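Residue numbers (my numbering): 1419 to 1745.
For each residue, glycine too, the CB sits at the ideal point set by N, CA and C.
Predicted model only: the values in this text are computed from it and were never measured.
Below is one structure; the comments refer to it alone.
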Amino acid sequence: MKTLQIRSPQEAAEIIRHGGVVAFPTETVFGLGADATNPEAIRRLFVAKGRPSDNPLIVHVSERGKCRQAASIVTRHAEALLQAFSPGPLTVVLPKQSTIDDSVTAGLQTVGIRIPRHEVAAEILRLADVPVAAPSANLSGRPSGTTWRSVWEDLADRVDAVYCEDSTCFGIESTVVDCTRDVPMVLRPGAVSLAQIRSVVPNAEALQMTHVASASQASCDQLSEINSPGLLHPHYQPQAKVRLIDYWSQGLASGAKTAYCGLESDAVEADFGLYRRYKNVEAYAADFYEFLREVDRRSIDMVYVQIAPEQGIGTALRDRQRRAAMD
Ligand code: TXA
Ligand code: MG
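What follows is the structure, encoded as structure tokens:
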């Protein structure tokens, strides 16, 4: 398939309306969009990404008033969270509307809904005027795409079009909150922090990472308890061995086939084949996936990743760093 390079929301919306698959920027990462009410479009999306069919997709709509296109009920907690953080990097899980194809939600009776704030994404959704299923625009198991070239690297010849503009902002995916239960549960930490979620819904809980890590070898019972099968799939793993460190210390292996990324540190650029040091945790999060991709492009063997501080988007970045380091 010949993949178009486009820069027009109108064109993207037309392709989606006609059952096509289009990658476009959002404020978190690039999404790979298709009409959530069109089973054939969704089938093509899963194939393009190489995504396991048991991993549900997030459905995107242009405004709060359109949530009912995807959800049968908007619960009280979801309403409050959407009011506070949408449009923005938040996904709420709600009971699903029957018009959303079952393949979108991997057979679950719930659906993740997000209203992006990014201008291009918002305009595409408004013009398409259908709920748009959009996972991150990467091959399954690869780091999410935060630049159009990275998206192109993974998906050229596999999708109908890629929107060519580098304008993602957070660089980490949305916060996913299960709002179907009395006590809302953060299933995936993201750009909206747990503290922000709790400022609106004080009793919200967060799924613990250790729980998820052990669940990857666990029984189906635990899987249904977590109720977000996608969390159990391998994620964000570069070819290189990833080692998480608190601080750089002399004596760790260095050289042309090693890489380092982090904030403050004594690590010296000249010691590594690839070196990235960031001013603050926001800049670190924004570039992390692109850094991992560069590691692969350069066939680096060993990556030292300075673990992010537990503050703001740092919590979500730590989650992705731990996943990248999982064997
Ligand atoms: O920022 C984002 O959320 C990006 C942009 C494109 O919107 N999208 C994204 O999609 O990260 P994806 O497919 O890469 O990740 C979706 C996550 C997965 O962990 C999936 O299991 C979970 O959301 N999810 C989706 N629907 C769900 C549901 N009904 N119940 C529980 N978890 C769900
Ligand atoms: Mg993803």
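Helix, strand or coil: which one does DSSP assign to GLY1732?
-> Locating residue 1732 in the sequence shown gives position 314, counting from the first residue. Note: GLY1732 maps to helix in three-state DSSP.
Mark ASN1456 as exposed unless 16 or more other C-beta atoms lie within 10 angstroms of its C-beta, in which case mark it buried.
-> For the purposes of this step, residue 1456 is identified with residue 38 of the sequence shown, where counting begins at 1. ASN1456 should be labelled buried.
Burial state of HIS1629, where buried means 16 or more other Cβ atoms lie within 10 Å = Reading the sequence shown from its first residue, position 211 is the one you call residue 1629. Annotation note: pLDDT 47 at HIS1629 (below 50); position unreliable, coordinate value reported separately. HIS1629 should be labelled exposed.
Buried or exposed: TYR1665, going by 16 or more other Cβ atoms within 10 Å of its Cβ?
-> As a first step, residue 1665 is located in the sequence shown; it is residue number 247 there, counting from the start. Flag for TYR1665 reads exposed.
Euclidean distance between Cα positions of SER1554 and VAL1686 = Here residue 1554 refers to the residue found at position 136 of the sequence shown. Here residue 1686 refers to the residue found at position 268 of the sequence shown. So the alpha carbons of these two residues sit roughly 33 angstroms apart.
Of the listed residues ALA1704, VAL1723, ASN1698 and ALA1701, nearest to PHE1690 (C-alpha basis) | Within the sequence shown, numbered from 1, the residue matching residue 1690 stands at position 272. Minimum Cα distance to PHE1690 is reached at VAL1723.
Alpha carbon to alpha carbon, how far is GLY1730 from GLU1700? Give it in angstroms, no decimals.
-> If you number the sequence shown from 1, residue 1700 lands on position 282. If you number the sequence shown from 1, residue 1730 lands on position 312. GLU1700 and GLY1730: Cα-Cα distance of roughly 8 angstroms.
Under the criterion of a Cβ to heavy atom distance below 7 angstroms, does GLU1591 qualify as lining the ligand MG?
-> Walking along the sequence shown from the start, residue 1591 turns up at place 173. Checking the Cβ of GLU1591 against the ligand MG gives yes.
Starting from LEU1692 and walking both ways along the beta strand (DSSP E), at which residues does that stretch end?
-> On the sequence shown, residue 1692 is found 274 positions in, with the first residue counted as 1. 1690-1695 is the span of the beta strand (DSSP E), which, as asked, contains LEU1692.
Helix, strand or coil for CYS1485 per DSSP?
-> On the sequence shown, residue 1485 is found 67 positions in, with the first residue counted as 1. Helix at CYS1485.
Spatially closest choice to LEU1670 from ALA1498, ALA1431, ALA1430 and VAL1721, by CA coordinates | In the sequence shown, the residue the question calls residue 1670 occupies position 252. Looking at the Cα atoms, VAL1721 is the closest of the given residues.
Member of SER1585, GLY1483, LEU1710 and ASP1596 whose CA lies at the smallest distance from the CA of LEU1692 | Walking along the sequence shown from the start, residue 1692 turns up at place 274. When only C-alpha atoms are compared, the closest one is LEU1710.
With 16 other Cβ atoms within 10 Å as the buried cut-off, status of SER1637 = Indexing the sequence shown from 1 puts residue 1637 at position 219. A caution first: SER1637 carries a pLDDT of 41, below 50, which makes its placement in the model too unreliable to give a value.
Tell me whether SER1504 counts as near the ligand MG, meaning its Cβ is closer than 7 angstroms to at least one heavy atom of that ligand.
-> Counted from its first residue, the sequence shown places residue 1504 at position 86. It does not: the Cβ of SER1504 is nowhere closer than 7 angstroms to a heavy atom of the ligand MG.
Pocket of the ligand MG (residues with CB nearer than 6 angstroms to any heavy atom), chain order = PRO1553, SER1554 and SER1562
Complete alpha helix (DSSP H) runs within the segment 1567-1636 (minimum length 4 residues, chain order) | 1612-1618 and 1627-1633
Using beta-carbon positions only, say whether VAL1619 and ALA1498 come within less than 8 angstroms of one another.
-> As a position in the sequence shown, residue 1619 is number 201, starting the count at 1. As a position in the sequence shown, residue 1498 is number 80, starting the count at 1. Cβ distance < 8 angstroms, so VAL1619 and ALA1498 count as in contact.
Same chain, Cβ closer than 7 angstroms to PRO1602, five either side skipped, listed in chain order = Here the question's residue 1602 lines up with position 184 in the sequence shown. Excluding sequence neighbours, PRO1602 sits near HIS1495, VAL1595, ASP1596, VAL1619 and ALA1622.
Residue ranges of each alpha helix (DSSP H) run of no fewer than 4 residues wholly in the segment 1453-1541, ordered along the chain?
-> 1457-1467 and 1494-1503
State buried or exposed for VAL1465, treating a residue as buried only when at least 16 other CB atoms are found within 10 Å of its CB.
-> Reading the sequence shown from its first residue, position 47 is the one you call residue 1465. When all chains shown are included, VAL1465 counts as exposed.
Would you say TYR1654 and PRO1727 are within 8 angstroms of each other, going by their C-beta atoms?
-> Here the question's residue 1654 lines up with position 236 in the sequence shown. Here the question's residue 1727 lines up with position 309 in the sequence shown. No, the pair does not count as a contact, with Cβ atoms beyond the cut-off.
Supposed close pair VAL1569, PRO1656 - CB separation, criterion 8 angstroms = Numbered from 1 along the sequence shown, position 151 holds the residue referred to as residue 1569. Numbered from 1 along the sequence shown, position 238 holds the residue referred to as residue 1656. VAL1569 to PRO1656, Cβ: 17 angstroms. No contact.
Measure the beta-carbon distance from GLY1608 to ILE1590 and round it to whole angstroms, keeping in mind my assumption that it falls under 8 angstroms.
-> Numbered from 1 along the sequence shown, position 190 holds the residue referred to as residue 1608. Numbered from 1 along the sequence shown, position 172 holds the residue referred to as residue 1590. The Cβ separation is near 6 angstroms, so the contact holds.
Should HIS1536 be counted as a contact of the ligand TXA given a C-beta to heavy atom distance under 7 angstroms?
-> Along the sequence shown, one-based indexing puts residue 1536 at 118. The answer is no for HIS1536.
Buried or exposed: which applies to PRO1507, given that a residue is buried once 16 or more other Cβ atoms fall within 10 Å of its Cβ?
-> On the sequence shown, position 89 is the one that residue 1507 refers to. With 16 or more other Cβ atoms within 10 Å, it is buried.
For the segment 1481-1494 and the segment 1524-1531, state whether three or more C-beta atom pairs, one from each stretch, are separated by less than 8 angstroms.
-> yes
By Cβ distance below 6 angstroms, which residues in the same chain neighbour VAL1522 in space, the five residues on each side in sequence not counted?
-> Here the question's residue 1522 lines up with position 104 in the sequence shown. Here the set comprises ALA1454, ILE1460, LEU1475 and ALA1551.
Got a sec? Which residues, its chain only, sit under 8 angstroms from ARG1425 by beta carbon, not counting five neighbours each side?
-> Locating residue 1425 in the sequence shown gives position 7, counting from the first residue. These residues qualify, in order along the chain: TYR1581, CYS1582 and GLU1583.
For ASP1572, which residues of its own chain have a beta-carbon under 7 angstroms away from its beta-carbon, when the five flanking residues on both sides are left out?
-> By 1-based counting over the sequence shown, the position of residue 1572 is 154. Once the five neighbours on either side are set aside, the close Cβ partners of ASP1572 are ASN1556, LEU1557, ARG1560 and GLY1563.
Have a look at ARG1736 and ARG1695 and give me their C-alpha separation to the nearest angstrom.
-> Translated into positions along the sequence shown, residue 1736 becomes position 318. Translated into positions along the sequence shown, residue 1695 becomes position 277. Taking the straight line from one Cα to the other gives about 16 angstroms.
What three-state label does DSSP hand GLN1739 in the structure shown?
-> Position 321 of the sequence shown holds residue 1739. Correct three-state label for GLN1739: helix.
For ARG1462 versus VAL1439, is the C-beta distance shorter than 8 angstroms?
-> Here the question's residue 1462 lines up with position 44 in the sequence shown. Here the question's residue 1439 lines up with position 21 in the sequence shown. Cβ distance < 8 angstroms, so ARG1462 and VAL1439 count as in contact.
Measuring CA to CA, which of ALA1677, LEU1543, PHE1588 and SER1667 is closest to PRO1433?
-> Taking the first residue of the sequence shown as 1, we reach residue 1433 at position 15. For the sequence presented, residue 1433 should be read as Ile rather than Pro. Comparing Cα-Cα distances from ILE1433 to each of ALA1677, LEU1543, PHE1588 and SER1667, the minimum goes to LEU1543.
Chain-order list of residues whose beta-carbon lies under 7 angstroms from that of LYS1484 (same chain, five-residue window excluded) | Counted from its first residue, the sequence shown places residue 1484 at position 66. Cβ neighbours of LYS1484 beyond the five flanking positions: none.
With LEU1710 as the anchor, note down where its beta strand (DSSP E) starts and where it stops.
-> Position 292 of the sequence shown holds residue 1710. Where LEU1710 is concerned, there is no enclosing beta strand (DSSP E), although the alpha helix (DSSP H) it sits in stretches over 1699-1715.
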